[in-house]
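**Student:** Order-wise, the sequence lines are chains H and P.
Numbering of the first sequence is given in my numbering, commencing with residue 78 and proceeding in unit increments.
Numbering of the second sequence is given in my numbering, commencing with residue 1496 and proceeding in unit increments.
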Amino acid sequence: MDNSKQIKHLYARAGFGIDLTDLHQQRNWSPKKALKKLFKDSETITPLQAVTENLDITFGSRKDATEEERKMLQEKRNQQEKALNAAWMLQMSNTKAQLREKLTLFWHNHFACNIGNYYYQQQLNNIQRKHALGNFKTLLVEVSQSPAMLQFLNNQQNYKGHPNENFARELMELFTLGRGHYTEQDIKESARAFTGWAYNGKTGDFTFRPGSHDNKPKTFMGRTDNFCGEDIIDIILDNKQTAKYISTKLYRYLVNEIPDEGHVNQMADVFYNNKYEIAPLLEFVLTADWFYEDKNVGNLIRSPVELLVGLDRRFYITYNNPDVLLQFQRTLGQVLFRPPNVAGWPGGRNWIDSSSLMYRMKIPSTILNAGVIDFAGKATPEDEAYLASQRKQQFNVIKRVQAQPDWNKFLQGVPLKISHEELAQYLLEPPINARIKAEVDAAPDIKTLVIQLVSTPEYQLC
Amino acid sequence: MKRRDFLKTSTLASSALLIPAFLKPFEGFAMDAITGHKNLVIIQLSGGNDGLNTVVPFGNDIYYQKRKSIAIANTDVVKLNDMQGLNPALGALKEIYDQGWMSVINSVGYPNPDRSHFRSMDIWQTASDANEFLTTGWIGRYLDSNCQTCKDPYTAIEVDDTLSLAMKGKNMKGIAVQDPNKLYQTTREPFFKDLVHGPEDAHLHEDNLGYLYKTMIETYSSADHIQNTSKIYNVTAPYPATGLANQLRTVSKFINSGLETRIYYVSLGGFDTHVGQQAQQGRQLKIYGDAVAAFVKDLKQTGKLDDTLIMTFSEFGRRVEQNASNGTDHGTANNVFLFGGKLSKAGIYNDAPDLQNLDNGDLKYQVDFRDVYATLLNKWLDVDNASILNKNFAGLNLV
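Listed below in C-alpha cells is the structure:
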C-alpha cells in the first residue's frame, strides 16, 4: 500500500518536511508507524549552547560605563544574537528530532519574548525545547519563572503595594485562557499573587522575595484566599478553557487555520484528561482521520522560518555566512528571538503581503541558483533583457549569499524513473493544477524544474 | 495643458503601454480624481502612548500629585495654552502648531475600553465596538465600498513590509511598499510573469492558494504603476535619519509624484512604557515630532499641505497614576492629533482630560474615535461613513 501522501503530509506538519530518500523508504508505512519514529527521533534533547556569557552579570548595569565600553557591550550583544539565531536555524535544519524542534518553534511563538539578553533568551528556548513534548504545566511554570519572561513582562517590578499587572494580564490573555475568560479584577488580584517572583540580577537565578510579596487575601475567579503565584496557575489550569485555548492554537499550527469546533473540543478533552501532557495530545491529532482529509492538506502558509528550514533540509544547504539567514528572516518578517510583541507572530495570511510574497518567491532561487529562474516559456525582449542582467549578476549573488546546496545528494534521492509531474507532486504540498502542469511540461530538465517549483505560490504552502 | 498635468498624463500613458492587456481590469487610472486629490496619512503609535505625558495638563495639580517622579516639570513643558502643553521632546511641533497646522483632540476612546494592546489595536483598526470582532479594517472597508478611486490596491499604501489589519477589506486590500524600486525589480521576473499569465483555472478561490495568486497578480500590476509614477520625483527637503522619517519621506515622494493613492499608513512602536518611562517615551516622541515637523514643512513647500491630512493615534492611553517602576500601566482614553493646511479648528479642540472624575483610575472618554474616522470619511474622503463604520456617526467639526 502506498501511503506517500499521508507520510509526506505528516512530516510537513509534524516536522519541516521529509526528504526523498526517507519518503521512498517509508512510503509503505502506516502514518502511525511513521509518527512513532518521529517521536522516537525526538527523544533526544539537544539544548542550544551558543551563548556562554551573561552580559548583564559580567558587565552589570554600570552607570559609569564609558562610551567605548557601551559600544563594546552592544557589539557583544549583536554577536550573541547572531550566534544564537544561527545555532537554532542550524539545529532545525539538521536535527533528526524534528517533531521536538517544530514544537519548540510553536512554544517560542506562544511564549513570545523579546529582550536583549541572549543568555536568558537561550535559557528560555531550552526550557521550551525540554518540555516541548512534555507537560504544559511544568512548561508554564518554568517559563513564568525564567529571567527572560520575568524581565520581559516586568514581574521584576511587581511589588506589594505597587503591583505591575503586565505578567498577570498576558498569562491569562495569551498563555492560558484567552480573552474573555477573566475580568479586569482577576488581573489586578492575581498580579498581587505574583508579587515577589523575581530573579537575582547577580546570579541570574529565580528567587522568591518574601519582602516584596503581598500576603493579604486575594479574590481570584470567585475564590478568596491568600493565594501565591502557583495557586493562581493551578486555578487557571483547573479551568478547562485553558485546554481548549491551547488546543485551538495547536490546531491552527498543525491542522488548519480555521478551527473545527468539534475537533478542537476532542483535543481539549484529551489534553485535559491527560493532565496537560502534550505528547498524547499530539498523538491524537496526528493520527486522527480528519488530520489527513484533503481540506487539511497543503493549505497552511509556511512561516518564513519553516520556509527556510524546509529548503535547507530538502537541498542540504551549507551557509558559509550565517548572517545571510538572519538577513532572509528580516526580509520575510520573522526573526527568531525577535517576535513583534508578546502575542508573537500572527501567522497565516499575515505572513503574506505584496512585498513579502515576492521575496518569498525569489529567495529560494537566490539560495539554490544565484538568483536565476530559467524560463522555458516564450520570452519577450524585455524578459530576455531581465534574464541576461540576472545572469550577469550571478557572480555577485554567489559572493553575497555564500550558500551551497548539495545538488548531488538531492539528485541521488530522486528515483530514476520519476516523472516531472511526480517530482512536482513531491516538492509541492497542494495538488498539481493546470497552471503548474503547464510549467512542469515545459521544463527542459530536472534542475530547472526544481528551481521553478520552489519559486511558486504553491511552495508557500505546507 | 499645464506642464504638471502634461507630465502626469504622459507618465500614465507610458506606463499604461507596459501593462499587458490581461491585467487591464486591475488598472483604473482615475484621471479626473487627480486634480484636487486629497491624501490622508495615518501615523500609528504602537504600544499605548502615554497621552498625559505627551500633551501635558500642567495646569492641573492632580497631574503632579499622581505622577510624583515622572511628571514633566512645569518649566519644561512647551506651553500651548494655560492648561496644556507639549512634552519637550515634541518641541519641533511647536512651530507647526503656531502656524495653525495642528489640532489636538483630547480624551478620544470608546465605551468599555479594552486594555489589551492587541485587542484595543484591533478595535481601533477595525473600528468595531468593544464586544464586536471584525475581521476587516476600516480602510479596507473603504476600499471595498467601491468609491470611484478605490479600484486599485495602491489606493491605500502602507509604507512598511507588512500590511496592517486596518488596510484589509473583504474583497480589497491596500498594498505594503517599503521600497517601490525594490518591489518593482522583484516582480519583473519572467517566470513570475508567466505564472501571472497562466491558464485561468481554479486558482482564484477563497482558499490560501487563491489568496496567494490574487496577491501576486495585484502586486505585479501595482508595483509597475507605483514605480513608474513615483520614480520621476525626488524629495529634496531635509528629513531626520530615522525609520519613521524615512517612511514619511517615501510618502512625500508618492504624494508629490501624483500617485493616485488616497490613504497612506505608517507606524512607530516602542510606547509600552511600564518601566523607566521618561527616557524611553522621550526618545520615541522626539523621533515622532521631528519626523512629522519635517514632513509637514516639506508638504507646505511643495504646495501639498492643503491637500493632505495627517492623523496620529495610539491604541490606548495609560493610567493616570504612575506605577512603582517610574512607568505607567495600560489605560484608556488618549489624545489624537491632526495636521494639515486646511484644519477648520486648529489648536486644542476640546477640554483637557478630566483628572478628577475617573473610572477606576482611568480617564473617561469624551470623543468616540469613530467620530474622528467619520469626519475623515465624510469630509475628506467624500464617502458616507455609515456604510463603512456600520452605523452612523455624527462626526466633528475638524476639517
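Here a beta-carbon is modelled for each residue, glycine too, at the ideal position from N, C-alpha and C.
It should be emphasised that the depicted structure is a prediction, and the values quoted were computed from it without experimental measurement.
Quick check for students: name the residue ranges of the beta strand (DSSP E) that lie wholly in the region 376 to 426 of chain H, counting only runs of 3 or more.
**Tutor:** Correct list: empty.
**Student:** Is there a Cβ from chain P that is less than 7 Å from the Cβ of Ser-119 of chain H?
**Tutor:** Chain P contact via Cβ: absent.
**Student:** Between Ala-1869 of chain P and Ala-356 of chain H, what straight-line distance do the alpha-carbon atoms span, to the nearest angstrom?
**Tutor:** Going by the C-alpha atoms only, they are around 51 Å apart.
**Student:** Name the two residues that bound the continuous beta strand (DSSP E) containing Ser-324 of chain H.
**Tutor:** Looking at the DSSP string, Ser-324 of chain H is not in any beta strand (DSSP E); the run it does join, the alpha helix (DSSP H), is 317 to 331.
**Student:** Could you tell me whether the region 1545 to 1556 of chain P touches the region 1564 to 1582 of chain P, using the rule of 3 or more Cβ pairs below 8 Å?
**Tutor:** The region 1545 to 1556 of chain P is in contact with the region 1564 to 1582 of chain P.
**Student:** Would Asn-1830 of chain P and Asp-1824 of chain P be called neighbours here (beta carbons separated by less than 7 Å)?
**Tutor:** No.
**Student:** Quick one: what does DSSP say Arg-104 of chain H is sitting in, helix, strand or coil?
**Tutor:** The answer is coil: DSSP assigns Arg-104 of chain H none of H, G, I, E or B.
**Student:** Between Leu-530 of chain H and the rest of its own chain, which residues show a CB-CB distance below 7 Å, the 5 nearest in sequence each way excluded?
**Tutor:** Contacts found: Ala-501, Leu-504, Leu-505 and Tyr-536.
**Student:** Do Arg-1814 of chain P and Gly-1826 of chain P have their C-beta atoms closer together than 7 Å?
**Tutor:** Yes, Cβ-Cβ distance for Arg-1814 of chain P and Gly-1826 of chain P is below 7 Å.
**Student:** Answer yes if the region 367 to 377 of chain H comes into contact with the region 387 to 407 of chain H, meaning at least three C-beta pairs across the two stretches below 8 Å, and no otherwise.
**Tutor:** The region 387 to 407 of chain H is not in contact with the region 367 to 377 of chain H.
**Student:** What is the rounded straight-line gap between the Cα of Pro-124 of chain H and the Cα of Lys-207 of chain H?
**Tutor:** The straight-line gap from Cα to Cα measures roughly 8 Å.
**Student:** Pull up the distance between the alpha-carbon of Pro-492 of chain H and that of Ala-515 of chain H, whole angstroms please.
**Tutor:** The straight-line gap from Cα to Cα measures roughly 22 Å.
**Student:** Compile a chain-ordered list of the residues in the region 1656 to 1685 of chain P whose CB is closer than 7 Å to at least one CB of chain H.
**Tutor:** Cβ contacts with chain H come from Asp-1656, Thr-1657, Leu-1658, Ile-1670, Ala-1671, Val-1672, Gln-1673, Leu-1678, Thr-1681, Thr-1682, Arg-1683, Glu-1684 and Pro-1685.
**Student:** How about Gln-1673 of chain P and Asp-1655 of chain P: do their beta carbons lie closer than 7 Å?
**Tutor:** Cβ atoms of Gln-1673 of chain P and Asp-1655 of chain P: closer than 7 Å.
**Student:** My guess is that His-290 of chain H and Gly-273 of chain H are in contact by the Cβ rule of under 8 Å, so how many angstroms apart are they, rounded?
**Tutor:** With a Cβ gap of about 3 Å, His-290 of chain H and Gly-273 of chain H count as contacting.
**Student:** Grouping DSSP H, G and I as helix and E and B as strand, with all else coil, what is Arg-300 of chain H?
**Tutor:** Residue state, collapsed to three classes: strand.
**Student:** Can you tell me whether His-1700 of chain P is buried or exposed? The criterion is at least 16 other CB atoms within 10 Å of its CB, across all chains shown.
**Tutor:** Exposed is the call here.
**Student:** Just to confirm my understanding: we take Leu-1781 of chain P, look at its own chain, exclude 5 residues before and 5 after, and list those with CB closer than 7 Å. What are they?
**Tutor:** Here the sequence assigns Lys to residue 1781 of chain P, which means Leu is not the residue at that position. Taken in chain order, the residues that qualify are Ala-1584.
**Student:** When burial is assigned at 16 or more other CB atoms within 10 Å of the CB, is Leu-1704 of chain P buried or exposed?
**Tutor:** By the neighbour-count rule (16 or more Cβ atoms within 10 Å), Leu-1704 of chain P is buried.
**Student:** Anything in chain P within Cβ reach of Leu-434 of chain H, meaning under 9 Å, just list it in chain order.
**Tutor:** By Cβ distance, chain P contributes Leu-1707, Thr-1710, Met-1711 and Thr-1714.
**Student:** Which class does Gln-1663 of chain P belong to by DSSP, given the choice of helix, strand or coil?
**Tutor:** Contrary to the premise, residue 1663 of chain P reads as Lys rather than Gln in this sequence. Here Lys-1663 of chain P sits in strand by DSSP.
**Student:** For the region 374 to 386 of chain H, which residues have a CB atom closer than 7 Å to at least one CB atom of chain P, in sequence order?
**Tutor:** Result list: Asn-376 and Ile-378.
**Student:** For His-1769 of chain P, which beta-bridge partners are listed by DSSP?
**Tutor:** DSSP, once it has assigned bridges, lists no residue as partnering His-1769 of chain P.
**Student:** What residue does the alpha helix (DSSP H) around Glu-146 of chain H start on, and which one ends it?
**Tutor:** Residues 144 to 171.
**Student:** Would DSSP call Lys-486 of chain H helix, strand or coil?
**Tutor:** Helix, per DSSP.
**Student:** Would the beta-carbon of Gly-1764 of chain P fall within 7 Å of that of Gly-1604 of chain P?
**Tutor:** The answer is no: Cβ separation not under 7 Å.
**Student:** Using a Cβ-Cβ cut-off of less than 9 Å, give me the residues of the region 1608 to 1619 of chain P that come near chain H, in sequence order.
**Tutor:** Of all residues in the region 1608 to 1619 of chain P, Asp-1609, Arg-1610, Ser-1611, His-1612, Phe-1613 and Arg-1614 have a Cβ within less than 9 Å of some Cβ in chain H.
**Student:** Once the 5 residues before and after Ile-1750 of chain P are set aside, which same chain residues still bring their CB inside 6 Å of it?
**Tutor:** Closer than 6 Å at the Cβ level, and outside the excluded window around Ile-1750 of chain P, lie Asn-1534 and Lys-1799.
**Student:** Three-state secondary structure (DSSP) at Ser-1598 of chain P?
**Tutor:** It is a strand residue.
**Student:** Going along chain H in order, which residues have a C-beta closer than 7 Å to the C-beta of Leu-1704 of chain P?
**Tutor:** Neighbours of Leu-1704 of chain P on chain H, chain order: Pro-507, Pro-534, Glu-535 and Leu-538.
**Student:** Is any heavy atom of the ligand FAD found at a distance shorter than 6 Å from the C-beta of Ala-356 of chain H?
**Tutor:** Although the ligand FAD was asked about, the structure shown includes no ligands whatsoever.
**Student:** Could I get the ranges of all uninterrupted alpha helix (DSSP H) runs contained in the region 1716 to 1766 of chain P, with 4 residues as the minimum, in chain order?
**Tutor:** Correct list: 1738 to 1752.
**Student:** I need the straight-line Cα distance from Thr-296 of chain H to Ile-192 of chain H, nearest angstrom please.
**Tutor:** If I take the Cα positions, the gap works out to 32 Å.
**Student:** Excluding the 5 residues flanking Gly-1856 of chain P on each side, which residues of the same chain have their C-beta closer than 7 Å to its C-beta?
**Tutor:** Arg-1814, Val-1815 and Glu-1816, listed in sequence order.
**Student:** What number of angstroms, rounded off, separates the C-alpha of Ile-1567 of chain P from the C-alpha of Lys-1561 of chain P?
**Tutor:** Answer to the nearest angstrom: the Cα atoms are 12 Å apart.
**Student:** Any C-beta of chain H sitting closer than 7 Å to the C-beta of Ser-1442 of chain P?
**Tutor:** Given a span of 1496 to 1894 for chain P in the structure shown, any question on residue 1442 of chain P remains unanswerable.
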